[in-house]
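924 is the number of the first residue of the sequence shown in our numbering; add one for each residue after it.
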Amino acid sequence: MIAAFVGQMLPVKWRRWRAEFRALAMLCLMGLQPTLSGAQTFVAATAPAPAAGAVSSMTITRNNSWQSGDVLLAVFSQRGQTVPIVSVVPAGWTLVRRQGDGVSLLVEIYVRVVINTEPASYTFPFTATEQTAGAIMGFRSVDTTNPVMVSGAQSNASSVSVTAPSIATNGTSLLVGVFSTVNGDGSISPPTGMTERFDIRTQSGAGGVVLEAATAAGASGNTGTRVATSSSAQVNVGALIALRPTAPVPPPPPPPPTSFNAFETTTPAGSATGVIQTKTAGASYSIAVVALNSARTAVNTSYTSTATYQLVDARNNSGPLDANGCRSTWVAIPGTTNIAFTASGQGRVTITRTESNAWREVRVRITGPSERVGCSTDAFAVKPSALQVTARDATWQTADTGNGVPRALTNAATSGGVVHGAGLPFTLSATGLSGPKGTTSGYDGTPTVRSGSPVCVQPAACVNGTLAFSGWTSVTGGGGVATGERRVTNATYSEVGTFTLELEDATFADIDAADTPAAQRTVPQSAALTVGRFVPAYYDLQPSATAPLLRTMNYTDSQCLAAPPGTPRRAFTYVGQPFGFATLPQATILARNASGALTANYRGTLWKLDPGQIVRGLNASATTPAAQPVTVNLGALAAADVVSNANGTGTVTASSLDAITYTRNTTTPQATFTANITAQMSVSDATEAGPAGNPATIPTTAIACFNGGGTCAVPGTGIAFDSAIAGFPGNEFRYGRLRLANANGSELTALPVPMFAEYWNGSAWVANTRDHCTTVAASNLTLSNYQRNLAAGETTPTITGAMAAGSRSIVFSAPGSGNAGSVDLSLNLSAAGANLPWLQGAWTSTTFDQNPSARATFGTSAAPSPIIFRRERF
924 MIAAFVGQML PVKWRRWRAE FRALAMLCLM GLQPTLSGAQ TFVAATAPAP
974 AAGAVSSMTI TRNNSWQSGD VLLAVFSQRG QTVPIVSVVP AGWTLVRRQG
1024 DGVSLLVEIY VRVVINTEPA SYTFPFTATE QTAGAIMGFR SVDTTNPVMV
1074 SGAQSNASSV SVTAPSIATN GTSLLVGVFS TVNGDGSISP PTGMTERFDI
1124 RTQSGAGGVV LEAATAAGAS GNTGTRVATS SSAQVNVGAL IALRPTAPVP
1174 PPPPPPPTSF NAFETTTPAG SATGVIQTKT AGASYSIAVV ALNSARTAVN
1224 TSYTSTATYQ LVDARNNSGP LDANGCRSTW VAIPGTTNIA FTASGQGRVT
1274 ITRTESNAWR EVRVRITGPS ERVGCSTDAF AVKPSALQVT ARDATWQTAD
1324 TGNGVPRALT NAATSGGVVH GAGLPFTLSA TGLSGPKGTT SGYDGTPTVR
1374 SGSPVCVQPA ACVNGTLAFS GWTSVTGGGG VATGERRVTN ATYSEVGTFT
1424 LELEDATFAD IDAADTPAAQ RTVPQSAALT VGRFVPAYYD LQPSATAPLL
1474 RTMNYTDSQC LAAPPGTPRR AFTYVGQPFG FATLPQATIL ARNASGALTA
1524 NYRGTLWKLD PGQIVRGLNA SATTPAAQPV TVNLGALAAA DVVSNANGTG
1574 TVTASSLDAI TYTRNTTTPQ ATFTANITAQ MSVSDATEAG PAGNPATIPT
1624 TAIACFNGGG TCAVPGTGIA FDSAIAGFPG NEFRYGRLRL ANANGSELTA
1674 LPVPMFAEYW NGSAWVANTR DHCTTVAASN LTLSNYQRNL AAGETTPTIT
1724 GAMAAGSRSI VFSAPGSGNA GSVDLSLNLS AAGANLPWLQ GAWTSTTFDQ
1774 NPSARATFGT SAAPSPIIFR RERF
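If you want it as C-alpha cells, here you go:
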C-alpha cells in the first residue's frame, strides 16, 4: 500500500527523486523527519593584526559566528622556505596543502571541524621566525567527514597574475582561492567571479608578504584556472580548494491525500494530486480545491457542500501526521475563505485570494462539514513581492546597530555629504514587501548580491570593489514583534566612491525548488540602491627610493672654485646661512581601505588631496658644547607639490623654496658643530569634515620619515649633504665673518685690498681656507671719505670670482698721476646689499652685525716703512 502510494500518488515533483530515496520516503510516512541541507556558505574570517616584523608564532581568535559543525580553513603565507611553516600542528587541524617557490615564499593550508567545546583561540607555532600573514575562514554546510573534495596549488614566476591551477571536481562545491605574493606593501584583487574574503599585508616592503582569499560556487568538472591580480609583479603562489557539500537529504514527502486536496489551477481535470507553486505576498492567486472519494484515490465528482479554505504555517514538521494529512505542529494563519462545491464543478472549485504576509512553507487546509478536514499534499512558499534595501551607518567608521542616530549612505556626490570609510563596517537592511506599499513581518530570508552587482558609478572608469557581509539577523519591534526586516552590521566595501547595489533572495522559497522556476521563486530588490560615498580609511606615506640631499652652503659646485685634491669645493655651511635641498624629499601617498588594500578608485573627482592637506616637519640637532647652545630656524616651509597617480596613490614632493637656518648668535660666536637634520611628511585630510559622524580628518597611520637610514622611531644619521665625499660629510657648520685689510700703493698702478673669510674655532678667529664659494660684488661696496687729491670717480673697485681658499682681493684701478690720496670702503653684507649677514662681524661694538671696512691709500706709505712703491722686474 505504501509502495503503491509512493509510486503513484505523489505529486510530480516528488516522483522526481531517484529510486534510492524511495526508502527514505517510506520512513518519513512512518514518522521520521529527514531534513534538506543548506547551500554551502562562507560564514566569517578572522585574522590578527599584521606584526611589524618577523614572528615565531601566531594566535588567531575564534570568530563568534562559527558554530559547531562549521568547517575552518587556516591559511598561512611566510617569507623564506623553511618547511613546515607550522612546527607543531594544533589538535584537530589537518594539513590540506603546502606550496612554495623554493626560495622566498611558502603557503600552508589546514582544515578543522568546529566542535561544541571549541577553544577561544588557536595558536600556531612556527619553525622559523619570519614575516608571516595568516587567517582562518569559516564555512557552513560542508561535509564534516571529508570536507575537502580536491585541491591544487602552484608557484608562479614574477608577474602581476597570481594563478591557481584548475582542479577537477566530481560535484558542486564551494571553491576557495588562496593567493600570496612577496611584496608586503602591495595588494591582491580577487579573480573575476570570486568574492574577496580578506586581503592581508605584513607591510615591510619587499621583505613582507600579501595573503588574499576569495570564494565562489563551483560546478562539477574542471574549474579552470583562477587568476588574481597583484598590485605589482612579484613571485607568487596560487591555490584552489573545493569544499564538499553535506550530503543532500530529501525533505519529507507529502502526506497522502485525505478528504480534500489543493493544487494549481493548471492541473488537469480529474487529478487528485498536484503541486502548488510559489506565491507572492500582496498579489492575488488562484488555487484549485478538490474533494476526494473515501478511498482518497480520486476526485469525488458528486460532492456538493461548503467548506473553509485556510493556510497553515507548515514549517514545523515535528508533529506526527494525523488521519487528515495534517500535523498538530502546523499553525493556522489568520484569514479564511468560504468555498462551495456545486454539482457542476464535479468535486472541484477554484478560489482566488491574497496573502499579505510572507511564509517559507505553508499548506492549504480545507475544513468541511462533519469535521471533514484535509491538508494539501504539497507545501509552497509565499515570498515577499520585493526587498526594500537600505544602507546606513552610525559614523564614518561604525555601523548602525540601532542605538544611535543612523545616517543614510546614499551620497552620490563627489564632494560633501555623508561619507564612510572603505573596508569599515556599515549596516545593510532588507525588508520584505507586500505589494506596492506594505511590508511582510514573516520575511526571515538570507539576501545575497545579485549577479552583476555591485556596480561602481564613480569616478569615471572606476573598478568594482568587493562587497562583503554575513550573518543576517531579524529586527523586532516593540514587544519582540517581527518586522520582516533583516539586517547585517558587518557589511564592508573595499573601494572608495559610490556603487549601485541589488540584492535578491533565491533561497527563501526553496520548498518549491522542484516545481517552480528559479526566477519565480527569487525575491528581487524593489529598485537598485545607490550606496556611498566611500572614502579612504587611512593613508600611508612611503619615502621615495631616492633619498633627499641637503645643499651644502646652498651653492652648487659649479658656483665655486676648485678645491685642493681630495677635498670638496663645499665642505661646510655658515651658521646663519640659509640652505635647502639639492634632492627634494619625496613620498608616495597610499590611500588604503581598513584591510590595508589600496583603493584604486581614489583618483579623478574623488582625489581631494592638495598642498593644504600635507603636513611637513623638519627637526634639526647639532653637536656643540653645552655652553654654546645651537638653535635652528626651520624657516618657512613652502607648499609641497601633490600629484595623483590615478591609481589610489599620489606623489608629494617638498618645495625647492624650503629654507633651513641654524640661528646665528650675534653676541657670542659659536664653535664649529655638525648637524643632524630629519624631515617628515604626513596627510591631514579634513576635506570630508562637515556632517555629524564624518571624519574630522582621515588619519595617516604611517608617515614618511627622511632621516639617513633610520626609522621614524629611531632616527639615523640625518639627511646627507650633497657635497659629501670621504672624510668630508658636508654637515659641518662654522661661525664666520669677512674681514677687509687696509692697503697702500702707488697711484700709478692698480691696488688690491685683501678680503678674508674667517671662522671661530672655539677660541680664536682663523682663516677659513675651505671657503671656495662665497661671492660678493663690487656693487655691494660703499666708498666714502676721499682724502687729499683723490676724488670720487678717479678709482673704481672690481671683484672677480668667488673666494679662493678663503681669500679674494678687491682691486682698485689706478687713479693716475696727481691723484694721490685715500678712500674708505665698506662691504655691505646686509640683506639690502650682498645679503650675507652671516658674515658680519663685531668690528666697533660687541655684536656681530657690522659690515667690514678698510682704507685704500694711493701715493703714501704705510708707516713705519719709508717705501711708497716697490716693483720687481725680471
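Ideal Cβ placement from N, Cα and C applies to all residues, glycine included. All values reported here derive from a predicted model rather than from experimental measurement.
Please identify the residue among the options whose C-alpha is closest to the C-alpha of residue i.
i	options	result
Phe1596	Cys1628, Gly1613 and Thr1546	Thr1546
Ala1514	Val1566, Thr1522 and Gly992	Thr1522
Ser1207	Thr1201, Arg1167, Asn1261 and Glu1278	Glu1278
Ser1481	Asp1435, Leu1674, Gly1015 and Thr1697	Thr1697
Ala1505	Ala1520, Arg1539, Ala1485 and Asp1581	Asp1581
Ser1598	Gly976, Ala1609, Thr1475 and Asp1694	Residue 1598 is actually Ala in this sequence, not Ser. The shortest C-alpha separation from Ala1598 is found at Thr1475.
Ala1615	Val966, Ser1084, Val1342 and Thr1260	Val1342
Ile1621	Gly1632, Ser1607 and Ala1627	Ser1607
Val1419	Ala1405, Ala1450, Val1380 and Thr1399	Val1380
Cys1385	Thr1229, Gln990 and Leu1529	Leu1529
Gly1075	Thr1086, Val1065 and Ser1027	Thr1086
Gly1685	Arg1662, Pro1440 and Gln1593	Gln1593
Thr1421	Ala1450, Val1101 and Ala1383	Ala1383
Val1312	Cys1483, Pro1760, Asp1428 and Asn1069	Asp1428
Per DSSP, residue i forms a beta bridge with which residues?
i	result
Thr1601	Asn1542
His1343	Phe1457
Ile1434	Per DSSP, none; premise fails for Ile1434.
Phe999	Glu1031 and Gly1057
Gly1489	None, per the DSSP bridge assignment.
Ala1690	Glu1681
Lys1306	Thr1203
Trp1282	Val1305
Phe1781	Gly1668 and Gly1744
Met981	Phe1047
Using a Cβ-Cβ cut-off of 6 angstroms (strictly less than) and excluding sequence neighbours within five positions of residue i, which residues of its own chain qualify?
i	result
Val1011	Pro1048
Phe1797	Low confidence applies here, because Phe1797 scores a pLDDT of 49, under 50, leaving its location unreliable and the question unanswered by this model.
Pro1618	Trp1319 and Glu1611
Thr1780	Asn1667 and Ser1745
Asp1533	Val1565
Leu1134	Ser1000, Ala1056, Ser1103 and Ile1123
Arg1731	Met1678
Ala1602	Pro1508, Leu1541 and Phe1629
Gly1782	Glu1670 and Ala1743
Tyr1366	Ala1281, Pro1307, Gly1355 and Gly1407
Thr1496	Thr1475, Met1476, Phe1502 and Phe1656
Ordered along the chain, which non-local residues of its own chain (more than five positions away) have a Cβ less than 8 angstroms from that of residue i?
i	result
Val889	With the chain running from 924 to 1797 in the structure shown, residue 889 is simply not present.
Asp1323	Arg1315, Asp1316, Ala1317, Pro1329, Arg1330, Phe1349, Thr1350 and Thr1412
Ile1256	Gln1233, Leu1234, Val1235, Asp1236, Glu1278, Asn1280, Trp1282 and Val1285
Ser988	Val966, Ala967, Gly1061, Ser1393 and Gly1394
Asp1129	It should be noted that the sequence gives Ala, not Asp, for residue 1129. Correct list, in chain order: Val1105, Asn1106 and Gly1107.
Kindly give me the distance between the Cβ atoms of residue i and residue j, rounded to whole angstroms, as I take these residues to be in contact under 8 angstroms.
i	j	result
Ala1165	Ile1090	6 angstroms
Pro1114	Ala1162	That pair is no contact at about 12 angstroms.
Ser1567	Gly1573	5 angstroms
Thr1362	Thr1369	Incorrect: roughly 18 angstroms between the Cβ atoms, too far for contact.
Gly1205	Ser1357	4 angstroms
Ala1494	Gly1653	7 angstroms
Ala1136	Leu1347	Actually they do not touch by this definition, with Cβ atoms about 20 angstroms apart.
Arg1711	Asp1747	At roughly 13 angstroms, the Cβ-Cβ gap does not stay under 8 angstroms, so Arg1711 and Asp1747 are not in contact.
Give me, in chain order, the residues of the same chain whose beta-carbon lies closer than 7 angstroms to that of residue i; leave out the 5 immediate sequence neighbours on both sides.
i	result
Gly1613	Gly1339
Leu955	Any reading at Leu955 must be qualified, since the residue scores a pLDDT of 33, below 50, and its modelled position is unreliable; no value is offered.
Gly1741	Asn1712
For the pair the stretch 1486-1501 and the stretch 1460-1468, tell me if three or more CB-CB distances fall below 8 angstroms. The stretch 1486-1501 is not in contact with the stretch 1460-1468.
Taking contact to mean 3 or more Cβ pairs, one atom from each stretch, closer than 8 angstroms, check whether the stretch 1206-1216 and the stretch 1186-1197 are in contact. Touching, yes.
Would you call the stretch 1317-1324 and the stretch 1273-1289 in contact, with 3 or more CB pairs under 8 angstroms? In short, these stretches do not touch, since the Cβ pair count stays below three.
Is it a yes or a no for the stretch 1032-1051 touching the stretch 993-1008, going by three-plus beta-carbon pairs under 8 angstroms? Between the stretch 1032-1051 and the stretch 993-1008 there are three or more inter-stretch CB-CB distances shorter than 8 angstroms, so the stretches are counted as touching.
Across the stretch 1079-1093 and the stretch 1141-1151, are there enough close Cβ pairs to call them in contact, namely three or more that are closer than 8 angstroms? Yes, they touch.
Any contact between the stretch 1657-1664 and the stretch 1626-1646? By contact I mean 3 or more CB pairs, one from each, below 8 angstroms. Between the stretch 1657-1664 and the stretch 1626-1646 there are fewer than three C-beta pairs closer than 8 angstroms, too few to call the two in contact.
Do the stretch 976-987 and the stretch 1106-1120 meet, that is, are 3 or more Cβ pairs less than 8 angstroms apart? Here the stretch 976-987 does not lie against the stretch 1106-1120, with fewer than 3 beta-carbon pairs under 8 angstroms apart.
Count the C-beta pairs between the stretch 1740-1757 and the stretch 1700-1710 that are closer than 8 angstroms, then say yes if the count reaches three, no if not. With three or more CB-CB distances shorter than 8 angstroms, the stretch 1740-1757 counts as touching the stretch 1700-1710.
Contact between the stretch 1671-1684 and the stretch 1717-1731 is defined here as three or more beta-carbon pairs at a separation below 8 angstroms; is this criterion met? In short, these stretches touch, since the Cβ pair count reaches three.
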